[in-house]
Every structure is written in structure tokens, then in C-alpha cells.
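Asks: Structure in C-alpha cells, see below.
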Amino acid sequence: MPEYYPVIEVDPDWMLDPESMGTKQKFWYSNPADDSGSTWLFKYPRRDSGEHWAEKIAAEIAQLLTIPHGHVELAVCEGIRGTTTESFVSSRETLMHGNELLGLLVDNYNPGQRRRPTQHNLDTIFLVLQLTCEQLSPDLIDTTKAQFASYLILDALIGNTDRHHENWGVLLDESQENSLKLAPSFDHASSLGRELSDERRRRHLAEQTIGNYAARARGGIFESEDDNRRPGPLELACQAIESYADVFRPGLEELAMLEEGNILEVLNRVPEEWMTDPGKDFAVAMMRNSLEQLGGLI
1 MPEYYPVIEV DPDWMLDPES MGTKQKFWYS NPADDSGSTW LFKYPRRDSG EHWAEKIAAE
61 IAQLLTIPHG HVELAVCEGI RGTTTESFVS SRETLMHGNE LLGLLVDNYN PGQRRRPTQH
121 NLDTIFLVLQ LTCEQLSPDL IDTTKAQFAS YLILDALIGN TDRHHENWGV LLDESQENSL
181 KLAPSFDHAS SLGRELSDER RRRHLAEQTI GNYAARARGG IFESEDDNRR PGPLELACQA
241 IESYADVFRP GLEELAMLEE GNILEVLNRV PEEWMTDPGK DFAVAMMRNS LEQLGGLI
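Under this note's numbering, think of the first position of the sequence shown as 1, with each following residue one higher.
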């Protein structure tokens, strides 16, 4: 029997402030018995959405790929299953989300726009990261771009369709003359076919149409401002690797060392009552398809 991931019991009396950003109910809390003083974000998944196990699996896959990411655990609050994520923003840091950064540096960018803007594209994101690093952390230009590229490789692997302009950001450290670094990757709940019913998962597996499912996906980033459609995360990564080969190379080298056995171990550690067997089978097959597609570009 595998050693299942722990499930954290969250007491609602630990709540600090309700969290306003995003579409799902969530709250920040601090466990008074935790001497570290860490704050955590508990998220309630939407009903029958699989968002809790998708979030946890994504974090574990990111760990295998040495991608900076939020520390996520499975959790229960008042009998309701969800996830809890440790804050990665220190007391001296400020998190500036992508929409805020783009709003400062890109002409006519509306940071409050809900409809996914074509200005939120790979060319512009890399340009903004470069301009920001040039001003605050010039020695981190190449590593920052490569780190963001690794997030897109993760998205491609797990099929994360929600890398919108509030789901990435930078950490500004005001104690060190406004030094800056890319925030860890976070919010990966829209991944691994979590929205599918088991019946549809079985059908995709039986008919070997997971590649078609991945190809129909639409992500949160355009390749360029001239595009009139958003590519899926796998399509975006394949296109971007051709345009930014040097930037993506470090992440692809990490991906090349990932073995299916590692993926199976992650999935098998999710408790049976949290994720069905068809859900696990589909997630493995989906990542296998992504690895095959990306493997030809390594």
C-alpha cells in the first residue's frame, strides 16, 4: 500500500481574512499551535470539480521538476475537502500579480479586464520580465525568463488552462533596495482533466483520444498579440520552444529526467476517497501524452 499524502484538519476559528481574488471560496488562516507563524490559504473546491486533487498533484509534479511552487497539502475544514497552501510571501515582500505588472509597463493594458486580452501573450510577458529585471535585478534576467518558461512546461505537462494574468507574479523585496524575483508557480487547479466525469475519462482512455482532448484546450496566454485564438498549454509550449529555445532549454532538461514511475508514485499517494481510479488513469495518460509531444522537442 502506498503512503498516502497527509490530510490537514483546518479549524475555521483560525481564519484571518477572507480572500477576495479569484472565483472560489477560500480564506487565510494561521494555526496557533504552529511555531513557525506561517499563514495558509484554505480553498474549497467547486462541487465535484476535482480541483483539490489537481492542485495537490500539480504541486508534487512541480517538485519533481524542481520548479518553485506553492507548498500544497490536502485539507479538510468542517468536513469539506479542499487544499491548503502555505503563503510564499515573506513579511518584507509584496506580491505583484502579472496584471499589475503589465498594467504598469504595457500601454493601454487594463489590469482589471476579465476577458482574456491578446496583450497577455508570451512575447509581452518576456519583455515585461526583462524590463523589470533590468531596473531592479539585472543579474536575474535570464534565470527569471527560464523560470517562467518552466512554469509553461509544467502547464503543458498537466494541462493547466488557467495561467491568466492574475495567476503569476513577482515578489518585490523592499528591504533590499526593491530587489525582485519571480514568484513561485501557483493555482494549478484547472489541470489533469479534473472537470471530466469518470464516464468521459473512460471513453477517452478506451478510444485513445486524450491527444484530441489536450488539443481542444484553451489556455490563459496568447503566443503573440496578433493571435486571434488562445492556444492550449501544450500547443503554447511547443510553439514557444521553437521561438525561445534557449529560454526553455533548462526546463526541458529537467523534464527529460522525469520518468513515468515518478508520476505514478505521485498519483498513487492520493487517497482513494479523494480521487477515483479513472481519474488517476486519465491523469497519467494525459501526462504521458504531453511527455511524448514535448519529448520530441528536447
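Even for Gly, the Cβ is constructed at its ideal location relative to N, Cα and C.
Between GLY219 and ASN289, how many whole angstroms is the CB-CB distance? I'm expecting something under 8 Å.
Replies: GLY219 to ASN289, Cβ: 16 Å. No contact.
Asks: Decide if ALA206 is buried, meaning its Cβ has at least 16 other Cβ atoms within 10 Å, or exposed.
Replies: Answer is exposed; the Cβ neighbour count stays below 16.
Asks: Could you tell me whether the Cβ atoms of LEU122 and LEU152 are closer together than 9 Å?
Replies: Yes; because the gap between Cβ atoms is below 9 Å, this pair is in contact.
Asks: Relative to the alpha-carbon of ASP13, which residue among CYS133, GLN208, VAL7 and ALA33 has its alpha-carbon at the smallest distance?
Replies: If we check each option's Cα against that of ASP13, ALA33 comes out closest.
Asks: Would you kindly work out how many angstroms separate the C-alpha atoms of MET287 and PRO6, rounded to a whole number?
Replies: Whole-angstrom Cα-Cα distance: 24 Å.
Asks: Between the stretch 135 to 149 and the stretch 264 to 283, can you find at least three pairs of beta-carbon atoms closer than 8 Å?
Replies: With the cut-off at 8 Å, the stretch 264 to 283 and the stretch 135 to 149 do not touch.
Asks: What residue ranges within the stretch 47 to 103 form continuous alpha helix (DSSP H) runs of no fewer than 4 residues, ordered along the chain?
Replies: The stretch 47 to 103 contains these whole alpha helix (DSSP H) runs: 51 to 64.
Asks: Here's a check: name, in chain order, each residue in its chain whose Cβ is nearer than 8 Å to the Cβ of GLY112, leaving out the five neighbours to either side.
Replies: Around GLY112: ASN99.
Asks: Give me the Cα-Cα distance between ARG47 and CYS77, rounded to the nearest whole angstrom.
Replies: Each residue's alpha carbon lies about 15 Å from the other.
Asks: Relative to the C-alpha of LEU105, which candidate in ASP187, ILE8, ASP173 and LEU131 has its C-alpha closest?
Replies: Measuring from the Cα of LEU105, the nearest candidate turns out to be LEU131.
Asks: Say whether chain B places a C-beta atom closer than 9 Å to the C-beta of SER49.
Replies: Chain labels in this structure do not include chain B; a single protein chain is all it has.
Asks: Could you tell me which whole alpha helix (DSSP H) segments of length 4 or greater appear in the stretch 195 to 266?
Replies: Here the runs fully enclosed are 198 to 207, 210 to 216, 233 to 243 and 245 to 256.
Asks: If you scan the stretch 105 to 146 from start to end, which runs of the alpha helix (DSSP H) of 4 or more residues do you find wholly inside it?
Replies: The qualifying runs are 122 to 136.
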